[in-house]
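S.K.: What the sequence shown shows, in this note's numbering, is residues 139 to 428, in sequence order. Don't be surprised by glycine CBs; every beta carbon is placed ideally from N, CA and C. A quick note: this is a predicted structure, and the numbers were derived from the prediction, not measured.
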Amino acid sequence: MYNQTQPYPTATSANTATARLLSTPFIFAATLFVSLLLIVSLLTLPSRPPLNPSHPQLFPNHHPTRHRVLIPGDQSSPAPSPPSIAYYISGSAGDSGRVLRLLYAVYHPRNHYLLHLDRSAPQADRDNLAVSINAVPLFRTVRNVHVMGNADIVYSKGSSSISSMLHGASILLRLLKSWDWFINLSSADYPLVTQDDLLHILSYLPKDLNFINHTSYIGWRESQKLKPIIVDPGLYLVEESEIFYATQQRPLPDAFRVYIVSNMRVLLETTVELLCGYRISVIHLEQKVH
139 MYNQTQPYPT ATSANTATAR LLSTPFIFAA TLFVSLLLIV SLLTLPSRPP LNPSHPQLFP
199 NHHPTRHRVL IPGDQSSPAP SPPSIAYYIS GSAGDSGRVL RLLYAVYHPR NHYLLHLDRS
259 APQADRDNLA VSINAVPLFR TVRNVHVMGN ADIVYSKGSS SISSMLHGAS ILLRLLKSWD
319 WFINLSSADY PLVTQDDLLH ILSYLPKDLN FINHTSYIGW RESQKLKPII VDPGLYLVEE
379 SEIFYATQQR PLPDAFRVYI VSNMRVLLET TVELLCGYRI SVIHLEQKVH
């Protein structure tokens with residue numbers, strides 16, 4: 139009879155099995171050791187030292203206790219009355235339709251509006267704009283929308299645009315004194331919030347805040363806007379003329395820092411009085427009376 143004998147295990151297979159048996163507890167022990175080491179290192183980390191207060195000589199005007207809290211504390215108290223905003227909306231030739239569109243978007247019975255089409259627009263556009271305003275029953279009843287009959291000459295590259303804005307602000311000061319903030323808009327602007335939301339937010343803010351978007355980064359404006367000398371004829375001529383550019387350039391001032399301010403700003407009524415010279419003239423008259 140033929141007997142089939144089983145082959146004996148070789149030395150290579152025996153060594154492989156032994157290595158597998160030894161590697162399993164070694165991996166487990168190494169993993170446990172690394173985990174314990176990580177836990178110990180996290181527990182022994184030094185605590186973060188508290189931040190030191192700013193040095194008074196570095197920040198002389200910094201007073202941490204003077205920050206305003208604008209959130210109302212007592213929710214049961216009645217809501218404050220909404221403020222009133224004076225809007226100055228300006229446009230050029232062919233912008234009467236966009237001026238009306240912007241007026242409808244920002245209109246509120248508590249506010250006051252002054253519309254202006256500069257000298258580049260024909261007089262017929264101003265007349266048609268006034269007729270369109272008078273045709274709206276709400277505008278005719280509340281009587282808070284006005285149109286400037288005598289237009290100003292405005293050049294966007296010169297300073298006549300600022301002069302026209304101050305002219306409109308002075309007219310709003312003479313018309314009435316019952317508004318809190320002044321906002322100037324152009325026909326190219328459009329609001330991102332409703333007037334109800336804007337008035338609701340402003341009603342909880344102190345009445346001594348101006349909102350101006352400014353930056354001290356000048357960049358390309360130094361060579362294209364600050365150094366060139368521009369003679370704006372809109373400041374001293376009745377008829378339109380070309381802007382005159384001087385060949386010389388002026389140096390930047392070193393006594394103060396120059397800031398770039400955006401066209402859209404929200405100014406207090408008292409600030410507008412100061413800019414238009416109204417408050418200075420009133421103080422001068424009071425001094426002469428006394």
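Please report the Cβ distance between I398 and L323, rounded to the nearest whole angstrom; I am assuming they are in contact, meaning their Cβ atoms lie under 8 Å.
M.R.: Contact doesn't hold; Cβ gap of about 19 Å is too wide.
S.K.: Run through DSSP, which three-state label would N266 get?
M.R.: Helix.
S.K.: From A273 to L267, what distance separates their C-alpha atoms?
M.R.: Roughly 10 Å separates the two Cα atoms.
S.K.: Looking only at its own chain, which residues have a Cβ that is under 7 Å from the Cβ of P366, when we skip the five neighbours before and after it?
M.R.: Contacts found: Y383, Q387.
S.K.: Are P247 and N282 touching if we call contact CB-CB under 8 Å?
M.R.: In this structure, N282 lies closer than 8 Å to P247 by Cβ.
S.K.: Can you find the residues in the same chain that come closer than 8 Å, C-beta to C-beta, to I381, ignoring five residues on each side of it along the sequence?
M.R.: The answer, listed in chain order, is Y293, K295, G296, I368, V369, D370, P371.
S.K.: Count the other C-beta atoms from every protein chain shown that fall within 10 angstroms of the C-beta of W319, then say buried if there are 16 or more, exposed otherwise.
M.R.: W319 is buried by the Cβ-count criterion.
S.K.: Do L311 and H250 count as a contact pair if the criterion is CB distance below 8 Å?
M.R.: Not closer than 8 Å, so no.
S.K.: Kindly indicate which three-state DSSP category M303 falls into: helix, strand or coil?
M.R.: Looking at M303 - three-state DSSP - the assignment turns out to be helix.
S.K.: Here's the rule I'm using: 16 or more other beta-carbon atoms within 10 Å means buried, otherwise exposed. How should T385 be labelled?
M.R.: So T385 ends up on the exposed side.
S.K.: Among residues of its own chain, excluding the 5 on either side of I270, which ones have a beta-carbon nearer than 7 Å to its beta-carbon?
M.R.: Residue identity differs from the one stated: residue 270 is Ser in this sequence, not Ile. Within the same chain, S270 has close Cβ partners L238.
S.K.: When we look at the beta-carbon of G415 and count the other beta-carbons within 10 Å, is it buried (16 or more) or exposed?
M.R.: Answer is exposed; the Cβ neighbour count stays below 16.
S.K.: From the DSSP secondary-structure annotation, give me the bridge partner or partners of P366.
M.R.: Q387, per the DSSP bridge assignment.
S.K.: Per the DSSP calculation, V274 is bridged to which residue(s)?
M.R.: V274 is not bridged to any residue.
S.K.: On the three-state DSSP scale, how would you describe D346?
M.R.: Coil at D346, not helix or strand.
S.K.: Expressed to the nearest angstrom, what Euclidean distance is found between the alpha-carbon atoms of Q333 and Y245?
M.R.: C-alpha separation (whole angstroms): 7 Å.
S.K.: Going by the DSSP bridge assignment, what does I398 pair with across the sheet?
M.R.: Bridge partners of I398: T353.
S.K.: On the DSSP bridge assignment, give the partners of R403 in chain order.
M.R.: R403 is bridged to I350.
S.K.: Pick helix, strand or coil for Y226, following the three-state DSSP scheme.
M.R.: Three-state result, Y226: strand.
S.K.: Could you name the residues of the same chain whose beta carbon sits closer than 7 Å to that of V410, not counting the 5 residues immediately before and after it, in chain order?
M.R.: Within the same chain, V410 has close Cβ partners A307, L311, F320.
S.K.: Among the candidates Y374, L314, S341, S400, whose CA atom is the shortest distance from the CA of S327?
M.R.: Looking at the sequence itself, residue 327 is Asp, so the reference to Ser does not match. If we check each option's Cα against that of D327, S400 comes out closest.
S.K.: Is G357 buried or exposed, if buried means 16 or more other CB atoms sit within 10 Å of its CB?
M.R.: G357 comes out exposed.
S.K.: Can you tell which of P221, L313, L174, A217 has its C-alpha closest to the C-alpha of L336?
M.R.: Of the listed residues, the one whose Cα sits closest to L336 is P221.
S.K.: Candidates P218, T169, Y374: which alpha carbon is nearest I339's?
M.R.: For I339, the nearest C-alpha among the options comes from P218.
S.K.: Using a threshold of 8 Å, state whether the C-beta atoms of D256 and I291 are closer than that.
M.R.: In this structure, I291 lies closer than 8 Å to D256 by Cβ.
S.K.: Going by CA-CA distance only, name the one from L406, M402, L373 that's closest to S302.
M.R.: Ranking L406, M402, L373 by Cα distance to S302 puts L373 first.
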